[in-house]
Every structure is written in C-alpha cells, then in structure tokens.
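There are 4 protein chains.
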Amino acid sequence: MHMPPPARAHQARATRDLILDAAERRFAERGFTGVSMRELAADAGLRNQASLYNHFRNKRALYEAVLTRGIDPIIAVINASGSARRTEHGSGPDAFLEVVIEYLIGHPHLPRLIQRASLDDSRHLRQVLSRLLRPLYAQGIKVLADTSDHWEPADMPHLAFGLYQLIFGYFASAPLLATVSENDPLSAEALDRQSRFIKEAVARLLEDRSRSPRVAPRPGRRTR
Amino acid sequence: MHMPPPARAHQARATRDLILDAAERRFAERGFTGVSMRELAADAGLRNQASLYNHFRNKRALYEAVLTRGIDPIIAVINASGSARRTEHGSGPDAFLEVVIEYLIGHPHLPRLIQRASLDDSRHLRQVLSRLLRPLYAQGIKVLADTSDHWEPADMPHLAFGLYQLIFGYFASAPLLATVSENDPLSAEALDRQSRFIKEAVARLLEDRSRSPRVAPRPGRRTR
Amino acid sequence: MHMPPPARAHQARATRDLILDAAERRFAERGFTGVSMRELAADAGLRNQASLYNHFRNKRALYEAVLTRGIDPIIAVINASGSARRTEHGSGPDAFLEVVIEYLIGHPHLPRLIQRASLDDSRHLRQVLSRLLRPLYAQGIKVLADTSDHWEPADMPHLAFGLYQLIFGYFASAPLLATVSENDPLSAEALDRQSRFIKEAVARLLEDRSRSPRVAPRPGRRTR
Amino acid sequence: MHMPPPARAHQARATRDLILDAAERRFAERGFTGVSMRELAADAGLRNQASLYNHFRNKRALYEAVLTRGIDPIIAVINASGSARRTEHGSGPDAFLEVVIEYLIGHPHLPRLIQRASLDDSRHLRQVLSRLLRPLYAQGIKVLADTSDHWEPADMPHLAFGLYQLIFGYFASAPLLATVSENDPLSAEALDRQSRFIKEAVARLLEDRSRSPRVAPRPGRRTR
DNA sequence: GATGAATGAGGATTCATTCAT
DNA sequence: AATGAATGAATCCTCATTCAT
C-alpha cells in the first residue's frame, strides 16, 4: 500500500487502485460529466487514456466502481456500529454518529461524490446508492425504537433521509459553506463543532417527548 | 414571466424565457457539464444553437441567469416571511417554513438546481449561492433568538446549514428517495408528511431545552 | 458545376456536393470502413471533420447518400433505355447495353462502389441496392421475352444477376484485371473490346436456341 | 488440416487454424478494415489479442495467410480438373465447372473473401489473387481452343474475367441476391439451378457459332 | 504459446462558439 | 432575432502493436 521508491512502482500498488483514487477525487470535485478520461489517465500516472480501458470497460463502469468502493466502507461502518451499539457504550445513537462522522472526516470527498451521484438519474447508480441508504435507514429505525415511538412508521423515510442530509450535506457542500461563513468548515475546530452539533441535533430529532402529544400535528399543535 | 409594456417585444422576451425554462429543467436534471447548448436550443424550440447566443453571451452566462432567476424568488419569499412572521401567524418558524416549503413544492426542480450548483467549484457560482444562504442563515438566527439561547453563536453556521440541507435535500434527491422507499416522494401525501416532518424537526432543533435535561446524558457530551 | 476561380467557391458549388464527390471516390477505393471522416473532410476542402456533420448526420448516412446519388442515374439510364428500346433502334438488348456501359465508362468508380456495397451486410444498404438490381432484373426479363422463351421463369434471378456481374464486374475489379493481364483494362481500346464482348456475351445468353431443346438440362444434354 | 507427425504440436497448429478459420469468416463478412484483431482473438477462443501475434506477424500477414489458404485449394481443384478433363467425362468445360462450383458450394464464403480482396488496392494482395485468376484464365483458353475459335486472342482476358465474375459473383453477393429475389440463393434448389445456369451460360459463351448467324445482327456489330 | 497491461495513433462524433446572411 | 455553416478543440473509445511475465 505504501509507495515503493519511485520507478517501477506500478507493480506494487495496482494501477487499478491508482485509477480509482484519481477518479474518486475528480468525480467528487466535478461530477461524472465534468471529468474526462484523458484527465483521469494523467492523474493516475498513465501516459495514455487507452490504458484505462484495460481496467474498466468504460467511463460509466469506472464511475460505478468508484462509487461502490467509496460507499462500501461506509456501509460497513454503519453496520458494525449498529451491532456493537448496545455492548460497547450501552447507549443511544452517539456511538453510531461518532464513528460515521469520524469516517467522513477521514474521507472528506466521499460525501460530495455521493451527493453528486444522488442527484443523477441513472437507474444503475440509484441501485448502488440505495445500498448505502438502506442501512442508514434501518439504523435510524433501530435507534428510534430504543428511545421513543414518537414518530409514526410513515415518517421513517423522511426521518432517515433527513438524517442522511444532515450528516452528509455538511461535508458535501463544505466549499459553499466556506464562502458563506468566513471560517474553513474543514478546520479541526469546525469539524469538532459540527460533530457535536450533529449529535445534539440527532438527539433532539430522536428523543421521546411523550409529554407533548403529537398525534394530530395540524396547526396549533405545537406546545412551544 | 413579466410582460413588458410594448407587448411586441413579446417574441424576444418569450424566447429568452423559453430558453431559461428549458435550461432550468435541464441543468437541474444533469448539471452544467451534462447539458449541451444543442439540447437547450432544441428544447427551447430553436432550430439552431446559434440563436442562444442572441440572448446569452455564453453557456456560463446562461447558467448563471438560470440560477439567479431560480434563486431570487426564494430569497424574496424568505425575506417576506421573515418580516411578516410575527404579525401573520404569531407562531415562530412555522409560517416561515410553510411558505418556503410551499414554494419548493411549486418549483420542484429548483432545489436540485441549487444543490448541483452548491457542489460546483466556480467562484462566480458561489457568490450567487451565498446570496441564497445568507438570508436563510439570518432567518435561522432571528428565529432562534426569539425562542431560545441554547445554541452558541459559533453553532449558527452549522445550524443554518443543517436547516438548509434538511429543507432542500428532500426535494433535491427525490428521485433517489423514490428508489429507496417505494413511495413517490412528490405525491401529495408524501409532501404533506414531509412538510409536517420538517416543521417538527425544526421545532425540535430550535427549542430551548435548558430546563429539560436530555434523556440519557453520557460522559463526554456537552450539556451546555 | 465548373469551379469558379479559387477562393470563395464554397458558395457556388454546394459543400454538400463536394463532400459527396470526395466520399464517392474514397468509398469506391477503400470501402466504408477503410475511409475516415477526417480524410473525407480534407478531400472536400473542409478544414475540419466537424463540418461534415452539418451536412450528414453520420458516416453511414453519408455513405447511403453517396450510394443513392451514384445509383439513381444508372437506374434512370436503364429505365430510359428500356422504354426507348423499341422505338429508337428497333432491336434487341444492344442499345440497352450500349447506354449502360457508356455510363459506367464515364463513371468508372461507380461499379466498384456498388460492388463493395453488395458485399456488405447492412440491411439498410441492401434496400438501396435492390433498387438498382430490380430494374436490371426487370429489363433482363423484358429483353428476354422479345427474343426467346428458352429460360424458365425460375432461371430469371440467376440470369439477371449473371448479367449484373458480367457488366459491373469488369469495371469493379479493373485494378485486379490490370495485374493479371498486362494491359490497362480502362484504356480506350480495352473498353471498346469489353463493350463488344459484353454485347456478344449477352446476345449469346439471351438468344433463342429453340433448335436445341433444354427442358431437362441434366448431364449429356448439351449438343455441342 | 494436415496433422504433423509428433501429434503434440497439435495445440499450436490447432490454435493457428482456429485463428485462420475465424479470420476467414470475418474477413469475408466485413473485409480487412472492417475486422479487428480483438474480434478475431475472441472468435478464435483466445482471451487476448496479443496471442494472435504468436502466430502471425501482423494483421496483414494474417489476412494474406487467410487468402492463400482459401485460394490454394481452388487453384488445385481447377488444375486437377484441367488435366483430368478429357479422361473423366469427355465433355468439355462441364466437368471443370462442376467441380469448381461444387467446391464453392462447400466453402460459401470463399468467393466473398476473394471478391473483397479483388476490390482492394494492395499490391501484395493482387499478387496473391492473380495466382488464382491465371489458372482460371488459362483454363478458359484451353477449353475454348478445343471447341471454337470464335473469340480472338485479345478477347481472352475479357472472357476469362467474365467467367470468373459469373461463377464467383453469385456466391459473393448471395446476401444481396437474397434481398432482391425472395428465395434463399444458397438453398439446395437454388444452388442446383445456379449450377445448371452457369453450365448453360458458359456453353453459350464458348460455343463456336461461326456457322449459325445471330438472330438479329445490327449495324456496327462485328460478325467476325 | 498465452496473457495482462501499456501505449501512440486514430476512430467517429459532439462541444461551444463565431460569422455571414 | 434566427439560422446554416464552419471550425478548433475536445469527447469517449478502439485500433494494431509491443513488452514483460
């Protein structure tokens, strides 16, 4: 995994991975249509675009490989956190959030990559993506079941998707956020604050507020 | 949309709007690099791409015109809701959310357009976009100031951006959501439920809970 | 049709025709897959391949246009000769052959173009080509009806196709013929001889030899 | 085709033949430029184009090997028929035609392969091809010398080439013929009829008719 | 002898843009 | 204001070929 000297390094770390790395970065930055095979070849240290096609059938196949490779660890992290939740910390969604956010901090362009894909139309892509969302969705339900039955079952997709937007959106649109606020949203301090914010926010979204009945949430219902 | 007085510059204005309409739809669907001038010309009923250049200097100018035309009404809506907040309903952020969500429902591809732009790199674009986010951000602060002083000032960007993701993300990624859940996220029923979900979620995020301790406070977590 | 001075000649003779001319020559020489759009653009005096696409949707459409433009006059010649046959010369297939051969001599790469197309597989092409063969076929039958009923109806496709091969094959494979024999098959003398040869050959193929019954043409039937 | 003694160089020879088989089929179908090495490798059961180069220096060498392998047996058949002519059947060109046509029926894409090559420009190819045509040409002369002295020596190339077109053209353009007529030109019945048609046609072309005047001799036509 | 990979050149086609009409 | 045409540059992808294994 670590680069052997300079020359002849092609053997050690597979070219395929170099391509995937380059593609992950570029696709996250500029999206599928915004990236050219020429550019990817150059980024991967290949002298020629033709070489790409020894590893991926075409651009779309490469894109899907990038997505899969990017998403699978997240799913794993989510699932692992899900099963370990009770035993390790014994409490709530914080452990889950901690590990997910930690992973995203370590791979800061993944959320952008995924957001971009979410906006695309390809049927193919959506299959890949729904593999990501389903565990997140399942996790949301599990966590919720532990704490409250405030939300109705029909609210679940909305809740799960809201969590997804809350967690992934920050990283995905970090460059925009940098423009709006003056601070760098990926600075250590901002990341720490975002981590705490998310946990608090999720706690508030999931907590049982049985004291305030919310059966028929029409106008006037809220008890501020 | 606004007919000019002479009523005979009609055609010109009409063509320009046809182009903007087509471009808004297409750019929302496939992003800046995913849409070709040829396609936009055809969509606008023009027989030739060259005609586009009678109305917009180049593709990027057209894109920015689309964004501006799409975002400005949202900003107006937000601002109007902000100033009218107390008088009309008297009930905090609900009126604000109501009107924003209502507007997004009426223009379902605007959020996609905006999300796509958020992910882009162009300095120019971000200026346009931050014009959208700033009022939303300001609004978040105002609302909050009325109800609670739970969040610190430094939390504000995180909170405002979270609200943005929560509200816009649902519409932006509706196609993906349709794949994950089985229901159509743009059906009347789903939209109504999302509207209620958002209001409840925002209420929870904004409420002052200094008096009511979180259910299971854990080591290392702030109780601020 | 004749080149006006040098510059600005693009207007006078349509670019489209220049392209078709270049394409006809090249496709005849090297076939569909052997010719590149780049080359055709250069031959047609265009600085860029892109210009070709202002006139033809794609390479195949260009190829079909070339074929149609090449074949239609031949069909016209055949048909005209067919209807004029009785009145002008009052006799046999010679007038017909004369005019067809004369046309082919004037357009020596047409037969190559057509032969190449005949060998191709595209369904599209075959439709174009059968438009050429049908009149030739019909003509063969008409001529025959005047002179003999020696051949059975079921022989007709074989006869018509044989005539086609005999007439077109010489021109189509002229380069090969040049290698085999030492003489230039497109020299005036060779062309004259071929013209006479074809007439004699067709006469022999069509003539009524009622004296030699040929009902059951099994071994031993011929009366040499 | 010929198994080498050691019977274990087996594999090598087999692969080479598999390649030649695939190439013969493909080159006949789509010509030299229409076929890719990738495709040939796949057809021959090889996983990689590189393997082809263990057997043939390059694409052109492979093409020439295919042509040679295809043409040599035809030449042999023609030569054999030529020397055996008198003894076996004693009846002029029929035996010759019979055996040639029979061979072509057994190898139906050879004529297409050869026709395609005839249309090509390469000097190299024409050398290979003229090896095929020369015996056919010689044979035509021999046969003719036995039966008639109607044709002048200078007519010979035209006659020989005409015979070639007549015989090979039918098979070469069979797909086209199938479109024009409704029947399958390679059905047993059609092949039988073509065989008889060719024999009759050749008989008519070769026969000495100096004694029997043409039906309607017209001005300007030789009665030589 | 077979293969995975690399590569320079070139394939058809589309891109955004310009210019004359 | 609309269009047909031209164009330089770029698009994705395939070509035949080579080299190391």
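Residue numbers (my numbering), protein chains in the order written: chain A, 20 to 243; chain B, 20 to 243; chain C, 20 to 243; chain D, 20 to 243.
Glycine residues also receive a C-beta, built at the ideal position from the N, C-alpha and C atoms.
Because the structure is a prediction, the values reported are computed rather than measured.
query: Cβ-based burial, Asp139/A [other Cβ within 10 Å; buried from 16]; result: buried
query: Among Val147/A, Arg150/A, Arg145/A, Leu178/A, nearest to Lys161/A - alpha-carbon criterion; result: Leu178/A
query: Contacts that Asp91/B makes with chain A (C-beta to C-beta distance below 9 Å); result: The contacting residues do not exist; Asp91/B stays about 17 Å from chain A at best.
query: Proximal chain B residues relative to Glu48/A, where beta-carbon distance stays under 7 Å; result: Asp140
query: For Glu121/C, the nearest candidate out of Leu37/C, Arg142/C, Ile217/C (CA to CA); result: Ile217/C
query: Close beta carbons around Leu244/C, own chain, < 6 Å, minus the five adjacent residues each side; result: Missing from the structure shown is residue 244/C; chain C here goes from 20 to 243 and no further.
query: Short Cβ contact (8 Å threshold) for Tyr183/D with Leu155/D; result: yes
query: Per-residue DSSP class, three states only, for Arg223/A; result: helix
query: Same chain only: Cβ atoms within 6 Å of Asp36/C, ignoring 5 sequence neighbours per side; result: none
query: Interface positions of the segment 130–154 of chain D facing chain C (Cβ-Cβ less than 7 Å), listed along the chain; result: Arg131, Gln134, Arg135, Ser137, Leu138, Asp140, Arg145, Leu148, Ser149, Leu152, Arg153
query: Buried versus exposed, by CB contacts within 10 Å (16 or more), Gln146/C; result: exposed
query: Alpha carbon of Ala33/B to alpha carbon of Arg150/B, nearest angstrom; result: 27 Å
query: Between the CA atoms of Ser137/D and Ala95/D - distance to the nearest angstrom; result: 20 Å
query: Rounded C-alpha distance that separates Ile90/C from Leu129/C; result: 8 Å
query: Three-way DSSP call (helix, strand, coil) for Gly89/B in this model; result: helix
query: DSSP-derived helix/strand/coil call for Asp140/C; result: coil
query: Spatial neighbours of Tyr189/A in its chain, beta-carbon cut-off 6 Å, leaving aside the 5 residues before and after; result: Gln213
query: Reduced DSSP secondary structure (H/G/I, E/B, other) of Asp203/C; result: coil
query: Buried versus exposed call for Arg245/B [16 or more other C-beta atoms within 10 Å across all chains shown]; result: One cannot answer for residue 245/B here, as it falls past the ends of chain B, which runs 20 to 243.
query: Nearest-angstrom beta carbon gap, Val54/A and Arg66/A [assumed within contact, 8 Å]; result: That pair is no contact at about 18 Å.
query: Euclidean distance between Cα positions of Leu39/A and Ala193/A; result: 23 Å
query: Among Ile133/A, Glu208/A, Ala114/A, Gln134/A, nearest to Gln158/A - alpha-carbon criterion; result: Ala114/A
query: Anticipated Cβ contact below 8 Å, Ala47/B with Arg153/B, distance rounded; result: Ala47/B to Arg153/B, Cβ: 22 Å. No contact.
query: Members of the segment 64–82 of chain C near chain D, C-beta cut-off 9 Å; result: none
query: Buried or exposed by the 16-neighbour rule on C-beta atoms within 10 Å, applied to Ala220/B; result: buried
query: C-beta atoms of Phe75/C and Ala61/C nearer than 8 Å; result: no
query: Local conformation of Thr52/A per DSSP, three classes; result: coil
query: Per-residue DSSP class, three states only, for His21/D; result: Note that His21/D has pLDDT 45, beneath the 50 cutoff, so the model's placement of it is unreliable and the number below is only indicative. His21/D: coil per DSSP, three-state reduction.
query: Inter-residue spacing [alpha-carbon to alpha-carbon] between Gly181/D and Asn77/D; result: 34 Å
query: Under 7 Å from the C-beta of Gln213/B: neighbouring residues of chain A; result: His177
query: Rounded separation between Pro92/B and Ser100/A - CA only; result: 43 Å
query: Residue burial classification, Ala42/D (beta-carbon count within 10 angstroms, cutoff 16); result: buried
query: Own chain residues within Cβ distance below 8 Å of Arg223/C, not counting five before or after; result: none
query: Chain C within 8 Å of Tyr156/D, Cβ atoms only; result: yes
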